[in-house]
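If you want the numbering used here, it's the position in the sequence shown, counting the first as 1, plus 1. See structure below.
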Amino acid sequence: MARRKKIYEGKAKDLFEGPEPGTIVQYFKDDATAFNAEKRDVIEGKGVLNNMLSEYFMNGLTQIGVPNHFIRRLNMREQLVRACEIVPLEVIVRNFAAGSMAKRLGIEEGTALPRPIVEYCYKDDSLGDPLVSEEHIAAFGWASQQDMEDILSLALRVNDFLSGVMFGVGIKLVDFKIEIGRVFEGDYQRLIVADEISPDSCRLWDMETGQKLDKDVFRRDLGSLTDAYSEVARRLGVMPKGATPMKPTLIN
């Protein structure tokens, strides 16, 4: 295929015009960032793993009837997704205290929460993606009350699915972040899960050892990020045991 026009450059992914109207090619990079991009590096093979894992999770959501933007994987680093209008919120579901919540509330990291807690952050890198309430969301018109009910329902369904999948391979789903997109079918609007689901956007701990298998490995200098993500992929059957993620060139 001929090189397509880049329409967005992000920290971990680039977006290109899709081959058909209403589609986008999502390219997964090897760039790793943390602390609002204050810490950054290039981790060879990370983009390949995230592409494969996000495909796996999005296909799983499709099978249980959770709408999402994924259409198909194109190659080792690219997938074709449905174009959508992104709601300017990061939707975070927490099952255990960790990260910013543990610090904010003075809760010991790893403490089981009485029920899944859903939080919202306003998507703005320059502001550090601040935590916001439903009152902020309503007041500034980022989403309607009906949108918020639908977003909550989607987030909890994704949590049920991911928790079950991870439990089956001995991994604890501590928390995760998703983004939500709007698609329009005539006059009808529908909300769908967008962006990606990968160890970049989840906290994943081994259930027996507590070993971190997510981006905290990079944040806290705990070892090889590629090894951690590869372990998740192997347990899920996404990557055969002993396989090494390759780093192909961009083809689009």
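Note that beta-carbon positions come from the ideal geometry of N, C-alpha and C, so glycine has one too. Computed from a predicted model, the values in this text were never measured in an experiment.
Look up A139 in the DSSP assignment and say whether it is helix, strand or coil. helix
Which of helix, strand or coil DSSP assigns to E10: strand
Could you spell out the range, first to last residue, of the beta strand (DSSP E) harbouring L214? Careful: L214 lies outside any beta strand (DSSP E) and carries neither H nor E.
Got a sec, what are the start and stop residues for the alpha helix (DSSP H) K157 sits in? Sequence check: residue 157 is Leu here, not Lys. First-last of the alpha helix (DSSP H) with L157: Q146 to F168.
Three-state secondary structure (DSSP) at L16? strand
Near M240, what residues of its chain come up, given a Cβ to Cβ distance below 6 Å and the 5 sequence neighbours on each side ignored? A234
Reference R236; option with closest CA among G19, W206, E109 and G100: Nearest option by C-alpha distance: W206.
Classify L75 as helix, strand or coil using the three-state DSSP reduction. DSSP places L75 outside both helix and strand once states are collapsed to three, so it counts as coil.
G111 versus D228 - alpha carbon distance: 22 Å
Just reading off the alpha helix (DSSP H) that G48 is part of, what are its end residues? K47 to Q64
Cβ pair N96, D196 closer than 8 Å: no
Taking buried to mean at least 16 other C-beta atoms within 10 Å of its own C-beta, is E21 buried or exposed? exposed
What whole-angstrom Cβ distance do K14 and F29 have, given they're in contact under 8 Å? 6 Å
Determine whether the beta carbon atoms of R1 and C85 lie at a separation below 8 Å. The shown model of the chain, from 2 to 253, leaves out residue 1, and the question about it has no answer.
Please state whether the Cβ-Cβ distance between V133 and V159 is less than 8 Å. no
If you check the beta carbons only, do E120 and I93 fall under 8 Å apart? Taking 8 Å as the Cβ cut-off, E120 and I93 qualify as a contacting pair.
What residue range does the alpha helix (DSSP H) around G100 cover? Per DSSP, G100 belongs to the alpha helix (DSSP H) from G100 to L106.
Do you know offhand how far H137's Cα is from L157's? 21 Å
Any idea what DSSP makes of A84, helix, strand or coil? coil
Leaving out five residues on either side along the sequence, give the residues of the same chain with a beta carbon under 8 Å from the beta carbon of L174. N96, N160, L163, S164, M167, F168, C203, R204 and L205
Helix, strand or coil for F219 per DSSP? Reduced to three states, the DSSP call for F219 is helix.
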